[in-house]
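Visitor: Below are the structure tokens for one structure; questions will follow.
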Amino acid sequence: MLELLAGTKLMMMVVSIVSLIVLIAMSVDLVSGLYKASLRGDARRSEALKRTGYKFCLYQGTILIASGIDVLIHLSRLYMWFGWELVYNLPLVTILVGIFWCVVEFLSVREKADEKTHSDIAKAEKMAKALLKIVEAMKKGELPDPDIVDELGKKLDKETNKP
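Residue numbers for the sequence shown follow the working numbering, so the first one is 3 and each next one is one higher.
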């Protein structure tokens with residue numbers, strides 16, 4: 003029985019390292035998001051921090067489950083049956099899950115600034131177009147389309163967080 007459990011100490015050390023690396027990746031994403039929000043002047047809301055808590059539970063939970071799968075694979079000697087002696091004491095499933103979460107966090111850090119900038123530019127473009135229509139109508143001596151004025155007013159109120 004002790005033979006079966008002999009490699010689990012090494013496996014749990016690797017699992018701990020994977021878990022720590024994923025935690026660091028999550029922290030980098032959180033700090034990056036907070037920094038980008040402060041640069042843009044966005045409010046840092048508790049909803050975003052709640053999502054980070056949920057994400058922590060999801061990521062660390064999947065790593066815990068993956069490590070359980072690895073321990074079961076180790077105990078069943080499945081790798082030995084296939085002749086994979088080199089990976090017998092490695093938690094491959096946990097490592098793969100950790101790589102996946104790190105890639106997700108990397109993409110998250112890269113996307114956030116570009117996504118928000120593009121969406122802000124698109125909003126500003128729509129508002130500028132509506133404003134130009136109003137100005138053009140006023141130059142011609144016409145009354146601007148009330149729907150456009152109302153829509154622009156609603157967008158401005160929404161952007162400035164006025165009720």
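Just so it is clear, CB atoms sit at the ideal spot from N, CA and C, and this is done for glycine as well.
What do you reckon, are the CB atoms on Met28 and Glu107 nearer than 8 Å?
Guide: yes
Visitor: Write down the C-beta distance between Val99 and Thr64 rounded to the nearest angstrom, noting that I regard them as a contact closer than 8 Å.
Guide: 6 Å
Visitor: Report the residue from Ile136, Met140 and Phe58 whose alpha carbon sits nearest the alpha carbon of Asp169.
Guide: No answer is possible for residue 169: the residues shown for the chain start at 3 and end at 165.
Visitor: Ile97 and Val20: beta carbons closer than 8 Å?
Guide: yes
Visitor: According to the neighbour-count rule (16 or more other Cβ atoms, all chains shown, within 10 Å of its Cβ), is Gly85 buried or exposed?
Guide: exposed
Visitor: For the alpha helix (DSSP H) containing Glu49, name the first residue and the last one.
Guide: Ser48 to Ser78
Visitor: Compute the distance between the beta-carbons of Val73 and Thr10, then report whether it is under 8 Å.
Guide: yes
Visitor: So, is Ser69 buried or exposed, given that buried needs 16 or more other C-beta atoms within 10 angstroms?
Guide: buried
Visitor: Determine the direct distance from the alpha carbon of Ala130 to that of Pro93, and round the result to whole angstroms.
Guide: 55 Å
Visitor: What residue range does the alpha helix (DSSP H) around Gly85 cover?
Guide: Counted as a single uninterrupted DSSP element, the stretch harbouring Gly85 is not any alpha helix (DSSP H), since DSSP gives it neither H nor E.
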